[in-house]
Every structure is written in C-alpha cells, then in structure tokens.
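Novice: Protein chains in written order, with my numbering: chain A, 1 to 337; chain B, 338 to 674. Here it is, the structure in full.
Encoded structure:
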C-alpha cells in the first residue's frame, strides 16, 4: 500500500487530523479565538504585543536524511520562541504556515505537527492559527510567527548596551554548529540511526548530544529572557548566526566595543564539544557556530542566576574582540551561502 | 549586463534596499519596536490582538506570465488584511516572510516589496518585521502575517448568526474569479500588456477591471469590518473561496440555513462581469468565484451603509440555498486542486 499523500486527502480532512495534535497546546486562557475562524484573537495584557517570524526550507535549512519532520517542527518553533525571549517577552501563541508539495506524505505533515506541538507545549505557546498552501515539486517551507507578551516589563533591544556593562550568555554555545560539522563530515547521528540506549560510549553520546541540538534546537532558555529584562538587561539578542556575529550587531547598534574573554569562552568548549571535535574546532564553534538559540545580554551590574559572564562593553567602535583581537570568524548569509 | 540576483548581494545589502520601500509604512505611533531587532513590538490598546497568516506560492497562487511581482505583493497583503477586517479589527502591522530561489532577480524582490508597501499604506498597516530564506530552484513563497486591533469592539466570529438575521455583502462578487476565467481562456489582460490608456473599448475595459482584481485584489473593504462589528454584526467572513462555500462555513458554524435571493445576487453580475463573460458565467462567478476578499456578514436588523442584503438566515440545517435550491458550485482545495 502506498502511503497517503497530501493530494489524496481534502484540506478539511487534513485539518481534522492536525488539530488534535495541537490540542494540548490550545487550552490557554489567553486564546480568546483559536484556530478555525478568519483570524485568531489572543490576550495582550501588557497593552502591546511582541511578534517575530522565521521559516525553514527543505534542503536549505534541513536535510531529510538527517532530520525527522518532528525535529524540523521542534526546531522552527524553538527558533521563533528564542526571538520572543530575546525581547524580554513570554511566548503566548504561534501561527503555522505550511507550503508543501502535494506529493508530501500525510504522515510527514503529521510528524511535523507533532514536533511543532512538542515545542509549543514546552514554551506554553498554543498554536492559534495557520495556513496551508501547495508548493512545487519537492518544495516544503514551514513558516512560524510567534507572539509574545511583555508581562508589563520592558522590551530589551540590541541598542542599549553601555560602556562598563558586562556581557553574559544564558545557555550553551557551539553545540548546534558542532552537530552540523559532524553531520557534514559524515560523523553525525541522524534521525535514522537507532537510539543509543544504554551504550556506554562517551564519544557516541557526545556526538548524539551535538547532533540533537542541531536537528531539534534543544533547551532554548526562553524563561531567561523576561528574567533578564527584570534584572535590568540593557541589550539582549538571540544567538542565531554565531556568538561573534550576533554580538557584533549589539556592538554596532549600541555603539560599544565588546571585549570577550577567551578563558571564559573556553569553559563552553568542555564536555561533548571538545570530546567530539577537539579543542580547536570546539572553540571555533563557540565563536561562530550558528543556530544555538541561547541568549546573550548585557547588564550594568550583577547577572541573574544561570547567566555566565563572558566579557565587558567598552568605549570604542562597534566591534567584537576576543582577548583583544578581532577573531577570524566568518558569517552566514541566507542567499550567497 | 545580466541582472543582479539575490545570490549576488549580501542579505544586509538587500535589507538596506528593501527597508526604504517600507519607509512610508513604518511611521505608525503604534509601532513601539520596528524592523531590525529580534522581534517587533506593536501597541495593542484593546488588550488583545488579532492575528492571521496567508501565503502565496509561485506557480500555484500566481503565474509570472500574468502577474507582476508588484501585483503579487499587493494581493498577498490584501488577502491578510481582509481576514483581519472579517473579525471586526483594524490592521496595525504586517510581518513578511520571503523564501526565494537565490537566482531570483533583485529587481523582482524589490517590485514585490513595492506591492506589499502599496497595500500596507492603503490599509495603514506598517511592515514591522520579516524573514528572508533561500529556497529551491524556481521556488518563491511569500508569507504574510497580519496583526490587528479591535479598538475596543467585539470580535465577530463565524458562529453567531441566528435565524431571522439578514445576510449582506460589502464589496464586489465574482470579479476575481471572472478575471481568472479570462486569463485561463487566454482572453485576459496580464501585467505584460500595454496600458489601455484612453482606448474607448468597453469590453477591453471590462476585461482589464476583472483581471486587475484577480492579479492584485483591489479595494478590500477593510474599514467595513469594524463598522459591521459596531453595527451589531452577528457573524462575518472574508470571501476567499467563493460566496456559497464561505457562507456554508457560517451556516454550519452558526447552525442556520442561509437562504440567498437570486435576484439580489443578479445585481452583482451587471457591468464588467456580464459584459466580459455573459450572464450565465457571470452568475456562476458571483456564486463560486474565489479570492474576491469582500466581506459577508449577518445582521439582526438594519445593515450599515454600503452593505447589500442578499438573503436571510432561517432555522434549518447548516447549508446555503439560492432561491430555495442548493446551487451546483464546486469548491477549491489547496492540495487536491
């Protein structure tokens, strides 16, 4: 029996199968009108709303050989949640736009939805609406819009860092980039690999950790965003394109020189990163690995619990240095590669 | 000289060229944090926010031979604005997600943005953020999320119609479907055709009117949505998939039988529709033509200025009849065609 494809079921039948997957996510008292009408209505108790959108494209942002549809669904939501957190807001809802080749298997779409629902539940952000479109042969684009509320707090931009502020990170660094490196080198663990179970192999476990972070985006510290805002963070950013590149944006927007401490950064290379990649590549990933979706922020004084200080802001041009030197890291550009 | 493509310019350069196009749209006092940070922040004075998302896919939702990129940008925004209006809300902001083949010409993307900006200005809804992704060969997906505010009014769903309510339409019917019919038949006017200028040919003008509506979605009556809410509308819907199909959704959600008056509907066939397509096809388009993005609503008593009464709600099963008969109109399904 050939598997059912999107073109084999009506849109209404597909929605009937998708909605229950989001069921555990739609019970929020803040959702005033949920999926199924022209538009959703969500409470905005702070009198303002925080909004971001981020998409993943098959063959560009994920490879089917590496990532399961559940991985993809989890990752695209987590990326958006991180952007909401980086403003100091709490996620309150998600919109899902799926454009897919009609030959896509229905099971694939349902597994994607399961990953979206997992990440939605983790972040307490219900799926409030969406859109289905057919796309060209082989094409799948998953777009998420995330909505957030500041809970009466301040929005924290990228432009508020001042000379004398400390720079701190909440969450891991370099793991997603490390996982990508392993997958590119054919050393990674994909969704097709059998679970490790209780195999006692530290290297295999390290590879698994890094590749899971790359495939799914694990443990986005989204609660830390509003905590940082409340603790007086002067600037904050989601680490999506690599630590140095993203802090460069803070440095330029704020007009400060960000001076990072190589010793403090080395602490992020220990464990699975160094075990799987060696110390040198581990440090390269800490500085430039993308898609980590941890948070970086600047604080005038103390940093909240769980944040690690990695440097300071100084007077000077908008740039980032590590132990006084501009690090030789490249960036990522969506169109030119 | 070959035209520049997205892959030839950096993402930052592209954004530098795109942002000024949206410049006239970002001056709203309600935009607290605009494009360029992790997320945007928009005022939600009603303490809630209305949200919808709708995408257009190249080769599925438009054909390059028929529609210019400016047409596409205008249409995708207008579709979203209509959904916001259909809840009774005023549009307050737009997010734009573009996933495009890196070989797409830069001029194409800029012209798309110009269309988005035109529709954004018409609706007073600034572009507050977005996302750029690369996509596969030939693939372009334009996703919009629209945000709205109820201005203290009621959200109007699809489920509030009651027996005895009148059914009314604000805006045209069948024009977009008529334009599509003409284009499919090779009788349409595309963006490549020379402007008509002062040509005195009523048929050519009729064809132009219908095709423009199909290509761009003209004159979405978005102000009428909040007016209908204030006037006591019990149910409201954006007409995206055809009058009978969309009113069927209201009928089922509300548990009423919607009885339409063929004579009242015939009034919508006059002018360009009948001139270009003949009376019979004109009526077919009025009943089933998609993508019109006019509004339909039910009212307990009087209808506001500008709305045309086309029928009544009665006790009975959730269905739509015209002069007592279930009309033989088909629907539209995104995946199965």
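For glycine and all other residues, C-beta sits at the position ideal for the given N, C-alpha and C.
1. Under the DSSP definition of a beta bridge, which residues are partnered with residue 555 (chain B)?
2. Helix or strand or just coil, what does DSSP make of residue 129 (chain A)?
3. Are the Cβ atoms of residue 327 (chain A) and residue 244 (chain A) separated by less than 8 Å?
4. Going by DSSP in three states, residue 488 (chain B) sits in which element: helix, strand or coil?
5. Please list, in chain order, the residues of the stretch 362–392 of chain B that have any C-beta partner in chain A closer than 7 Å.
6. Would you decide whether residue 92 (chain A) is buried or exposed? Buried here means 16 or more other CB atoms lie within 10 Å of its CB.
7. Listed in chain order, which residues of the stretch 114–147 of chain A have Cβ atoms closer than 7 Å to some Cβ of chain B?
8. Taking 8 Å as the cut-off, does the stretch 79–90 of chain A touch the stretch 236–243 of chain A (at least 3 CB pairs, one atom from each stretch)?
9. Mind listing which residues of the stretch 568–598 of chain B have their C-beta closer than 7 Å to chain A's C-betas, in chain order?
10. Residues in the same chain with beta-carbon distance under 6 Å from residue 622 (chain B), minus the five sequence neighbours each way, listed in chain order, please.
11. Compute the beta-carbon to beta-carbon distance between residue 482 (chain B) and residue 145 (chain A), rounded to the nearest angstrom, for a pair I have assumed lies under 8 Å.
12. Just how far apart, CA to CA, sit residue 369 (chain B) and residue 225 (chain A)?
13. Just verifying my parser: in three-state terms, what is the DSSP assignment at residue 192 (chain A)?
14. Go ahead and pull the three-state DSSP assignment for residue 291 (chain A).
15. Quick one: what's residue 250 (chain A) bridged to in DSSP?
16. Nearest-angstrom Cα distance between residue 66 (chain A) and residue 187 (chain A)?
17. Tell me the DSSP secondary structure of residue 606 (chain B) in three-state form.
18. List the residues of chain A that residue 494 (chain B) touches, going by C-beta distances under 7 Å, in chain order.
19. Going straight from the alpha carbon of residue 40 (chain A) to that of residue 34 (chain A), what length do you get?
20. Between residue 228 (chain A) and residue 45 (chain A), what straight-line distance do the alpha-carbon atoms span, to the nearest angstrom?
21. Do the stretch 432–449 of chain B and the stretch 49–64 of chain A touch if we need at least three Cβ pairs shorter than 8 Å?
22. Checking contacts by CB at 8 Å: is residue 60 (chain A) closer than that to chain B?
23. To the nearest angstrom, how far is the alpha carbon of residue 418 (chain B) from that of residue 163 (chain A)?
24. Mind reading off the beta-carbon distance from residue 106 (chain A) to residue 4 (chain A)? Whole number of angstroms is fine, and I expect it under 8 Å.
25. Use the C-beta contact count for residue 468 (chain B): other C-beta atoms within 10 angstroms, 16 or more gives buried, fewer gives exposed.
26. Is there a C-beta anywhere in chain B that falls below 8 Å from the one on residue 83 (chain A)?
27. Specify, as a first and last residue, the run of the alpha helix (DSSP H) that residue 239 (chain A) falls within.
28. With a threshold of 8 Å between beta-carbons, can residue 394 (chain B) be considered close to chain A, or not?
29. Under three-state DSSP, which class holds residue 173 (chain A)?
30. Below 8 Å on C-beta distance, what does residue 620 (chain B) contact in chain A?
31. Identify the residues that DSSP records as bridge partners of residue 567 (chain B): which are they?
32. Can you grab the Cα-Cα spacing for the pair residue 503 (chain B) / residue 486 (chain B), in whole Å?
Specialist: Once the coordinates are examined:
1. The partner list for residue 555 (chain B) (beta bridge, DSSP) is empty, contrary to what the question assumes.
2. In the three-state scheme derived from DSSP, where H, G and I count as helix and E and B as strand, residue 129 (chain A) is classed as strand.
3. yes
4. Looking at residue 488 (chain B) - three-state DSSP - the assignment turns out to be coil, as it is neither helix nor strand.
5. 369, 370, 374, 375, 376, 377, 378, 379, 380, 381, 382, 384, 385, 386, 387, 388, 389, 390, 391 and 392
6. Buried: at least 16 other Cβ atoms inside 10 Å.
7. Here the close residues are 128, 129, 130, 131, 132, 133, 134, 135, 136, 138, 139, 141, 143, 145 and 147.
8. Contact holds: three or more Cβ-Cβ distances are below 8 Å.
9. 574 and 575
10. Within the same chain, residue 622 (chain B) has close Cβ partners 511, 514 and 515.
11. Confirmed, Cβ separation roughly 4 Å.
12. Roughly 18 Å separates the two Cα atoms.
13. coil
14. coil
15. According to DSSP, which records beta bridges pairwise, residue 250 (chain A) is partnered with nothing at all.
16. Going from the Cα of residue 66 (chain A) to the Cα of residue 187 (chain A) covers about 11 Å.
17. helix
18. 33 and 37
19. 5 Å
20. 20 Å
21. yes
22. yes
23. 44 Å
24. 4 Å
25. buried
26. yes
27. Looking at the DSSP string, residue 239 (chain A) is not in any alpha helix (DSSP H), and its letter there is neither H nor E.
28. yes
29. coil
30. Within chain A, no residue comes near residue 620 (chain B); the closest Cβ sits about 26 Å away, beyond 8 Å.
31. None, per the DSSP bridge assignment.
32. 26 Å
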